[in-house]
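There are 2 protein chains.
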Amino acid sequence: MGAYMPSGVPVLRDYRNPGDGAVPVRCTGCPIRDRAVCSLCSADELAKLDAIKSYRTYTHGAEIIGLGEDIEFVASIVTGVVKLTKTLADGRTQMVGLLFPGDFLGRAQTGPAEFDAVAANDVTLCCFSRTPFRRLMHETPNLEDRLLEMTMDELDSAREWMLLLGRKTAREKVASFVQMLWHRTGASQSDEGGEIALPLTRAEIAEYLGLTIETVSRQMTKLRGDAIIDFTSARNVRVLDMEALEEAAGS
Amino acid sequence: MGAYMPSGVPVLRDYRNPGDGAVPVRCTGCPIRDRAVCSLCSADELAKLDAIKSYRTYTHGAEIIGLGEDIEFVASIVTGVVKLTKTLADGRTQMVGLLFPGDFLGRAQTGPAEFDAVAANDVTLCCFSRTPFRRLMHETPNLEDRLLEMTMDELDSAREWMLLLGRKTAREKVASFVQMLWHRTGASQSDEGGEIALPLTRAEIAEYLGLTIETVSRQMTKLRGDAIIDFTSARNVRVLDMEALEEAAGS
DNA sequence: CGCAAACTTGATTTGAGTCAACTCCTGTGG
DNA sequence: CCACAGGAGTTGACTCAAATCAAGTTTGCG
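Order-wise, the sequence lines are chains A and B.
Converting from the first sequence to the working numbering requires adding 321 to each position, the first position being numbered 1.
Converting from the second sequence to the working numbering requires adding 321 to each position, the first position being numbered 1.
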């Protein structure tokens, strides 16, 4: 289970393992069937994918792909959260991607990875070797169409993230982060007051937002002081006032 | 011709109109044939694209796509430079894309634009109505494959840009910008000392880098003081020391 | 229970933003 | 052909938001 999940807290969000690390063997009943790269595939197309897939698990902190590695597989995130990061020579690190269940990891084309991919908590991947996947993609328009659509969605969200990094204040960044999690973890609109278990440490949130740990912490404290969010623990946020949160996020 | 080009200066880079705004009617001989979304297409595939294409021109500053518009076309940039920007409620704006000849503008899928697209100088587009383009894309794997590849390249470069926005200093940002232009404008390695005509104003460079005009100007002056770059005019840079520029860019 | 990692809080520094002139082009019209 | 208007760019003085440095406190795990 997610290393960050305090024991005894009820399961709230689906980026954690449903069940207990038990993973579907058949695609039918797969928890990400409706969102993943395979979501447009018909039953027989799915059977072909089924034949080339394999599951891999990574524990919290494990490196999935290292910078410059020539990755031999692509994958769908089944459970857990994967962070993509880029690092400058002197160690300054920026997160450049955060993948939730259903998201796709890797390029179908050849070439070395441009970033590190690390399991932010315990992760299960549904992996496809690159060559058979590419072949299947060419035979299966539904697969390629969905991958193109997902890649363009990623690009849109990268652009939103660029606006955040380039122009938002620390307060706006932190509020935007909570708001993003709220949406990505599949909260329903009526869920105000519901709890979000943060999948990232303060240090990782800082990497995501282009800030320092201290600034993230201070802004979290201020948002709590303004009665916009509350914490049941450092890793469990409750949104008290969704409208004020949107206001604070500047969007 | 590009409004920023001082008269009498020899043509240096291909993001300006080759010839005089004269545009190819046939795809053969198109200046972006080797790089654009159509680059993998065979002669007969190209003929089908040819049948649905049309050229549009925009003068410097013209809006190509407004935020929230449901764009009825997608396009390849033939000549000129297109900037994509996002703006917060109070007017803070961040550039989130910069498209050169060969780059692709728009989503094949449906849905409103997530950003503004503006002609940074005089621009020619090779446009395809969205519906026929989508249909053709489904019939033509070479087209969809290339679009997927280009979209993933865009995503990689957006992630590099995120590292810049989140973690680089003002000096590193400005140096990175010059370096990026050097590569995007197709300079050859042996071109040290060659000139780059900046396609953007200082204000636009600031939007690109998440800085203010003043900071961009100061850092340009410092890089000049360090004998890394030089200016023949405010809009024409010469790279004096490529190695030092890379060092200053922090990559 | 105790230790280390994660997180918070406070004091101080600093890099980039803001505000304010000023210069330099470039194009226009008398 | 020159004057001059206006936009683009530069430079300087000052401010401020976030980084840095430095203790603390809390939490969770062995």
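C-beta atoms are modelled at their ideal positions from N, C-alpha and C, and glycine is treated no differently.
Item	Value
Using a cut-off of 9 Å between C-beta atoms, extract the partners of B/Gly-387 located in chain A.	None at all; the shortest Cβ gap to chain A is about 16 Å.
Can you look up B/Thr-553 in the DSSP assignment and give me helix, strand or coil?	strand
Measuring only the C-alpha atoms, how far is A/Leu-519 from A/Phe-498?	10 Å
DSSP three-state call for A/Val-346: helix, strand or coil?	coil
On the three-state DSSP scale, how would you describe A/Arg-356?	coil
From A/Thr-431 to B/Arg-347, what does the alpha carbon distance come to, in whole angstroms?	32 Å
Kindly provide the ranges of any alpha helix (DSSP H) runs that are 4 or more residues long and lie completely inside the region 424-469 of chain B, ordered along the chain.	451-460
So, using beta-carbon positions, are B/Gly-423 and B/Arg-356 closer together than 8 Å?	yes
Just confirm the distance between the C-beta atoms of A/Met-471 and B/Val-417, as a whole number of angstroms; I'd bet it's less than 8 Å.	Wrong, their Cβ atoms sit about 19 Å apart, outside the cutoff.
Run the CB neighbour count on A/Ala-364, radius 10 Å, all protein chains shown included, and call it buried at 16 or more, exposed below.	exposed
Under a CB-based cut-off of 8 Å, is B/Gly-412 close to chain A?	no
Excluding the five sequence neighbours on either side, which residues of its own chain have a C-beta within less than 8 Å of the C-beta of A/Arg-559, listed in chain order?	Gly-514, Gly-515, Glu-516, Ile-517, Ile-550, Asp-551, Phe-552 and Thr-553
Under DSSP, the beta strand (DSSP E) around A/Leu-419 begins and ends at which residues?	414-420
Note down the Cα distance separating B/Gly-544 from B/Arg-492, rounded to an integer number of angstroms.	According to the sequence shown, residue 544 of chain B is Leu rather than Gly. Between B/Leu-544 and B/Arg-492, the C-alpha separation is close to 8 Å.
What does the alpha-carbon distance come out to for the pair B/Gln-415 and B/Glu-465?	30 Å
Which residues of chain A have a Cβ atom closer than 7 Å to the Cβ of B/Trp-482, listed in chain order?	Met-483
Quick check: the Cα distance between B/Gly-342 and B/Ile-373, rounded to an integer number of angstroms?	Confidence in B/Gly-342 is poor, its pLDDT being 48 and thus under 50, which makes the residue's placement too unreliable to answer from.
Quick one: what's got a C-beta closer than 8 Å to A/Asp-371's C-beta in the same chain, skipping five residues either side?	Arg-347 and Cys-348
Drop a sphere of 10 angstroms on the beta-carbon of B/Gly-546, count the other beta-carbons inside from all chains shown, and report buried for 16 or more, exposed for fewer.	exposed
Measure the C-alpha to C-alpha separation of A/Arg-413 and A/Val-444 and round it to an integer number of angstroms.	25 Å
Secondary structure at A/Glu-393, three-state DSSP: helix, strand or coil?	coil
Determine the DSSP secondary structure at B/Ala-383, reduced to helix, strand or coil.	coil
With DSSP run on the structure shown, which of helix, strand or coil describes A/Leu-333?	Residue placement at A/Leu-333 cannot be trusted, given a pLDDT of 33 that sits under 50; what the coordinates show is reported in the next sentence. Looking at A/Leu-333 - three-state DSSP - the assignment turns out to be coil, as it is neither helix nor strand.
Using the Cα positions of B/Thr-542 and B/Leu-521, report the straight-line distance between them to the nearest angstrom.	17 Å
Anyone know if the C-beta pair for B/Phe-394 and B/Ser-478 falls short of 8 Å?	no
Kindly indicate which three-state DSSP category B/Thr-533 falls into: helix, strand or coil?	coil
Work out the CA separation of A/Thr-378 and A/His-504 for me, nearest whole Å.	25 Å
Could you check how far apart the C-beta atoms of A/Leu-573 and B/Leu-469 are, in whole angstroms? I think they sit under 8 Å.	No answer is possible for residue 573 of chain A: it lies beyond the span of chain A, which begins at 322 and ends at 572.
In terms of DSSP beta bridges, what is A/Thr-506 paired with?	The partner list for A/Thr-506 (beta bridge, DSSP) is empty, contrary to what the question assumes.
Find the residues of chain A that neighbour B/Thr-472, judging by a C-beta separation of less than 7 Å, and give them in chain order.	Leu-469, Thr-472, Met-473 and Leu-476
Suppose you measure from the CA of A/Glu-366 to the CA of A/Phe-454; what does that come to, to the nearest Å?	12 Å
How big is the Cα-Cα spacing for B/Ala-434 and B/Ala-548?	42 Å
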